[in-house]
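Enquirer: Following this message is one structure expressed as structure tokens.
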Amino acid sequence: MAAMSRTLIETGLGWRYTPPRMAALIDDPDTVALVACDIERLRGLAVMHFGEARAHLVLLCVDPARQRHGIGRRLVDWLLSSARVAGIGSVGLELRADNPAALAFYRRLGFVETRWLPGYYDGRIAARCMQRVLGPEPALR
Ligand SMILES: CC(C)(COP(=O)(O)OP(=O)(O)OC[C@H]1O[C@@H](n2cnc3c(N)ncnc32)[C@H](O)[C@@H]1OP(=O)(O)O)[C@@H](O)C(=O)NCCC(=O)NCCS
Numbered sequence: 014m015a016a017m018s019r020t021l022i023e024t025g026l027g028w029r030y031t032p033p034r035m036a037a038l039i040d041d042p043d044t045v046a047l048v049a050c051d052i053e054r055l056r057g058l059a060v061m062h063f064g065e066a067r068a069h070l071v072l073l074c075v076d077p078a079r080q081r082h083g084i085g086r087r088l089v090d091w092l093l094s095s096a097r098v099a100g101i102g103s104v105g106l107e108l109r110a111d112n113p114a115a116l117a118f119y120r121r122l123g124f125v126e127t128r129w130l131p132g133y134y135d136g137r138i139a140a141r142c143m144q145r146v147l148g149p150e151p152a153l154r
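Pasting the structure below:
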């Protein structure tokens with residue numbers, strides 16, 4: 014998971030989500046670390062921290078060989094459903110300003126931009142803050 018984060022999320026930045034930090038996130042009772050695997054290997058991961066009223070999507074990535082197959086959406090949908098059950102009102106995240114693909118992905122999933130943070134990543138790359146307000150679970154049909 015740490016290697017995937019380094020390659021797919023922290024590209025060109027210092028390595029913050031190292032194996033010990035990832036292990037600490039997995040151990041944290043207020044954090045959910047979700048993985049998507051097939052018979053061969055890890056294909057995606059999502060890490061979300063749950064607060065009292067708000068949750069924060071810390072990490073999300075999908076193996077480039079498996080992107081655009083709905084894995085990212087399923088990981089986020091699972092976490093959003095868990096957040097609703099936990100009584101969470103909204104989910105926030107920060108996103109690199111140089112990542113238009115992820116911006117399109119999050120917009121598609123109903124997240125909206127809330128703030129712009131210059132130099133958020135290593136003092137060099139700005140972040141977009143995005144948020145999704147959680148309504149009731151869509152009715153099953
Ligand atoms: C962003 C990311 C997690 C999306 O995961 P994914 O499994 O490929 O996404 P999905 O297949 O679930 O896409 C759902 C919808 O989001 C939109 N979307 C996803 N990737 C997109 C892209 N590259 N460009 C435009 N829209 C995109 C599409 O509307 C897509 O639906 P469609 O394929 O039916 O058109 C993945 O591209 C990734 O890991 N990127 C590198 C790491 C990263 O940027 N992480 C997020 C920031 S921390």
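One point on numbering: in our numbering, the residue at position 41 of the sequence shown is 54, and numbering is uninterrupted.
All residues carry an ideal CB built from backbone N, CA and C; glycine is no exception.
Would G83 be called buried (16 or more neighbouring beta carbons within 10 Å of its own) or exposed?
Expert: Position 70 of the sequence shown holds residue 83. It counts as exposed.
Enquirer: Is G83 near ligand 1, judged by its Cβ being under 7 Å from some heavy atom?
Expert: On the sequence shown, position 70 is the one that residue 83 refers to. G83 Cβ: within cutoff of ligand 1.
Enquirer: Can the beta-carbon of G57 be found less than 8 Å from the beta-carbon of L93?
Expert: For the purposes of this step, residue 57 is taken as the residue at position 44 of the sequence shown. For the purposes of this step, residue 93 is taken as the residue at position 80 of the sequence shown. In this structure, L93 does not lie closer than 8 Å to G57 by Cβ.
Enquirer: What does DSSP give as the partner residue(s) for G57 in the beta ladder?
Expert: Translated into the one-based positions of the sequence shown, residue 57 becomes position 44. Looking at the DSSP assignment, G57 forms a beta bridge with A49 and V75.
Enquirer: Would you give the residue range spanned by the alpha helix (DSSP H) that W91 belongs to?
Expert: On the sequence shown, residue 91 is found 78 positions in, with the first residue counted as 1. Segment I84 to V98, the alpha helix (DSSP H) holding W91.
Enquirer: Any idea if R1 is buried or exposed, counting beta-carbon neighbours within 10 angstroms, 16 or more meaning buried?
Expert: Since the first residue shown for the chain is 14 and the last is 154, residue 1 is missing from the structure and cannot be characterised.
Enquirer: Beta carbon of C50: closer than 7 Å to some heavy atom of ligand 1?
Expert: Start at 1 with the first residue of the sequence shown, and residue 50 comes out as number 37. No, since every heavy atom of ligand 1 falls outside the 7 Å radius drawn around the Cβ of C50.
Enquirer: Quick one: does the C-beta of A117 sit closer than 7 Å to a heavy atom of ligand 1?
Expert: Here the question's residue 117 lines up with position 104 in the sequence shown. Result yes, Cβ under 7 Å from ligand 1.
Enquirer: Of all the options W129, Y30 and R121, which has the alpha carbon lying nearest to the alpha carbon of E107?
Expert: Taking the sequence shown and counting its residues from 1, one reaches residue 107 at position 94. The candidate whose alpha carbon is nearest that of E107 is W129.
Enquirer: Kindly indicate which residue of G27, M143 and L147 has the alpha-carbon position closest to the one of Y119.
Expert: Counting from 1 along the sequence shown, the entry for residue 119 is found at position 106. The shortest C-alpha separation from Y119 is found at M143.
Enquirer: Expressed to the nearest angstrom, what Euclidean distance is found between the alpha-carbon atoms of H62 and E23?
Expert: Taking the sequence shown and counting its residues from 1, the one referred to as residue 62 is at position 49. Taking the sequence shown and counting its residues from 1, the one referred to as residue 23 is at position 10. If you take the alpha carbons of H62 and E23, they lie about 19 Å apart.
Enquirer: Indicate the three-state DSSP secondary structure (helix, strand or coil) for I39 in the structure shown.
Expert: The residue given as residue 39 occupies position 26 in the sequence shown. In this structure, I39 counts as helix in the three-state DSSP scheme.
Enquirer: Between W91 and the rest of its own chain, which residues show a CB-CB distance below 7 Å, the 5 nearest in sequence each way excluded?
Expert: Numbered from its first residue, the sequence shown carries residue 91 at position 78. Within the same chain, W91 has close Cβ partners L47.
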